[in-house]
Ligand code: NAD
Ligand code: ZN
Ligand code: ZN
């Protein structure tokens, strides 16, 4: 079968022929219907040798939806023919966190040489993917695969990041989304669907701000020298209650702490390499809290899928055949993708 393989650090992934895996034990074989491209894939490709614990080569793709086609002899909890999305942050499978579907915070994460599906383990940018256990699957019913796949990371990570700051987003509050790409445009929708907050968006691209407004943001502003001042004016001088930063650069972190209201919440999701210095006494907003969410839990993924099936979430997609993976990665690098780029192996 064809698969998009990472064969060297700093080298663009290539389309290769690999053997189709056979499920053993508790493994489940899924025929891939859709696999999303995440900006994290670009960070992985660009990582310096030794920066990540993964062993090469492996197949990329950590946002995957498809149909169960074959089961190992010990599989319980799914049946052949079921349409599913894969919960990707695979942990050790034995600790208390993994037992609760919280593999994203597995107690042995530091000992593993993978972070999950398509991240050190063969992922879904291929015709088939082998999933170690049915506990990683969430049924999607009739949800189109190109919608379901991005929900398993772009949707889930946004949902989980928001879960950590939700208590700050009651009536009369303001939330700020920085970076309205694959994750950000879903964060805007999840904020609108699950909080009463006013939602503001910031991006360097005009098209991204249009996307934010189309999906429910109350206002959008370009990232400029005076953005902090504009945001303060836009909140009647008090600042914003929570910032979801999907960039995580020096500039966006600086913006976040400049516009946060005292007691506000900052969730840093983007891996932009920015640094924030904590010092007391200092200039950070009094009482502000920082979270560094990673992906999300399996129960949360089921909630995201339910939200999408209720009609509250729509993923803006650009779709490509598997063979066009290099072109899709090129567009993602150039910042030219609207919403999420999705590969369709079928
Ligand atoms: P994306 O490329 O689809 O979107 C990024 C958006 O940010 C784009 O709209 C871009 O124009 C905008 N942007 C870039 N620089 C900016 C700046 N300086 N100011 C304002 N906007 C800016 O990326 P994505 O797939 O949505 O991923 C976003 C980030 O989240 C990446 O760093 C990715 O690695 C990370 N991520 C983290 C997790 C996690 O679990 N923590 C999970 C998935 C992705
Ligand atoms: Zn991702
Ligand atoms: Zn574990």
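Residue numbers (this note's numbering): 702 to 1047.
Glycine included, each C-beta is placed from N, C-alpha and C at the ideal position.
Quick caveat: nothing in here was measured; it's all calculated off a predicted structure.
Quick check for students: name the residue ranges of the beta strand (DSSP E) that lie wholly in the stretch 828–901, counting only runs of 3 or more.
829–832, 838–840, 875–879
Does the contact criterion of 3 or more C-beta pairs under 8 Å hold for the stretch 980–991 versus the stretch 1008–1025?
no
Compute every distance between the C-beta of residue 952 and the non-hydrogen atoms of ligand 1, then say whether any falls below 6 Å.
On the chain shown, position 251 is the one that residue 952 refers to. Yes - ligand 1 has a heavy atom lying nearer than 6 Å to the Cβ of residue 952.
Identify every residue that forms a DSSP beta bridge with residue 760.
Counting from one through the chain shown, the residue named residue 760 turns up at place 59. Note: residue 760 sits in a beta bridge opposite 706.
Please name the residue in 950, 1041, 865, 907 whose C-alpha comes closest to that of residue 896.
In the chain shown, residue 896 corresponds to position 195, counting from 1. Nearest in C-alpha terms to residue 896, of all of 950, 1041, 865, 907, is 865.
Is the beta carbon of residue 873 closer than 7 Å to that of residue 835?
As a position in the chain shown, residue 835 is number 134, starting the count at 1. As a position in the chain shown, residue 873 is number 172, starting the count at 1. No. Outside cutoff.
Please list the terminal residues of the continuous beta strand (DSSP E) segment that includes residue 724.
Taking the first residue of the chain shown as 1, we reach residue 724 at position 23. Element bounds for residue 724: n/a, residue is neither H nor E.
Helix, strand or coil, according to DSSP, for residue 1012 in the structure here?
Here residue 1012 is taken as the residue at index 311 of the chain shown, counted from 1. The three-state secondary structure of residue 1012, taken from DSSP, is coil.
So is the beta-carbon of residue 905 under 6 Å away from any non-hydrogen atom of ligand 1?
Position 204 of the chain shown, counted from the start, is the residue given in the question as residue 905. Because some heavy atom of ligand 1 lies under 6 Å away, the Cβ of residue 905 counts as near it: yes.
Compare the Cα-Cα distances from residue 921 to each of 939, 937, 899, 942 and report the closest residue.
Residue 921 sits at position 220 when you count from the first residue of the chain shown. Measuring from the Cα of residue 921, the nearest candidate turns out to be 899.
Can you tell me whether residue 1028 is buried or exposed? The criterion is at least 16 other CB atoms within 10 Å of its CB, across all chains shown.
Translated into the one-based positions of the chain shown, residue 1028 becomes position 327. By the neighbour-count rule (16 or more Cβ atoms within 10 Å), residue 1028 is not buried but exposed.
Excluding the five sequence neighbours on either side, which residues of its own chain have a C-beta within less than 8 Å of the C-beta of residue 744, listed in chain order?
On the chain shown, residue 744 is found 43 positions in, with the first residue counted as 1. Within the same chain, residue 744 has close Cβ partners 972.
Is the Cβ of residue 842 closer than 7 Å to any Cβ of chain D?
As a matter of chain content, chain D is missing from the structure shown, which is built from one protein chain.
Straight-line CA distance for residue 787 to residue 765?
In the chain shown, residue 787 corresponds to position 86, counting from 1. In the chain shown, residue 765 corresponds to position 64, counting from 1. Near 6 Å, if we compare the C-alpha coordinates of residue 765 and residue 787.
Give every residue of the same chain whose Cβ lies closer than 7 Å to the Cβ of residue 951, excluding the five residues on either side of it in the sequence, and list them in chain order.
Numbered from 1 along the chain shown, position 250 holds the residue referred to as residue 951. The residues are 975, 976.
Could you give the DSSP three-state label for residue 713: helix, strand or coil?
Within the chain shown, residue 713 is the residue found at index 12, counting from 1. In this structure, residue 713 counts as coil in the three-state DSSP scheme.
Run the CB neighbour count on residue 984, radius 10 Å, all protein chains shown included, and call it buried at 16 or more, exposed below.
Here the question's residue 984 lines up with position 283 in the chain shown. Looking at its Cβ environment, which holds fewer than 16 other Cβ atoms inside 10 Å, residue 984 is exposed.
Using CA atoms only, rank isn't needed, just tell me which of 712, 760, 720 is closest to residue 706.
For the purposes of this step, residue 706 is taken as residue 5 along the chain shown, with counting starting at 1. It is 760.
Do the stretch 820–835 and the stretch 724–744 meet, that is, are 3 or more Cβ pairs less than 8 Å apart?
yes
Grab the span of the beta strand (DSSP E) containing residue 963 for me, first residue to last.
Here residue 963 refers to the residue found at position 262 of the chain shown. Run containing residue 963: 961–969, per the beta strand (DSSP E) assignment.
Identify the residues that DSSP records as bridge partners of residue 822: which are they?
Indexing the chain shown from 1 puts residue 822 at position 121. In the DSSP output, where bridge partners are listed per residue, residue 822 has 818.
Shorter than 6 Å, the distance from the beta carbon of residue 996 to the closest heavy atom of ligand 1, or not?
Numbered from 1 along the chain shown, position 295 holds the residue referred to as residue 996. Because some heavy atom of ligand 1 lies under 6 Å away, the Cβ of residue 996 counts as near it: yes.
On a Cα-Cα basis, can you pick out the residue from 722, 702, 755 that is closest to residue 773?
Counting from one through the chain shown, the residue named residue 773 turns up at place 72. Residue 773 has its Cα closest to that of 722, out of 722, 702, 755.
Is residue 1043 closer than 7 Å to residue 847 when the C-beta atoms are compared?
If you number the chain shown from 1, residue 847 lands on position 146. If you number the chain shown from 1, residue 1043 lands on position 342. For the 7 Å CB-CB criterion, residue 847 and residue 1043 form a contact.
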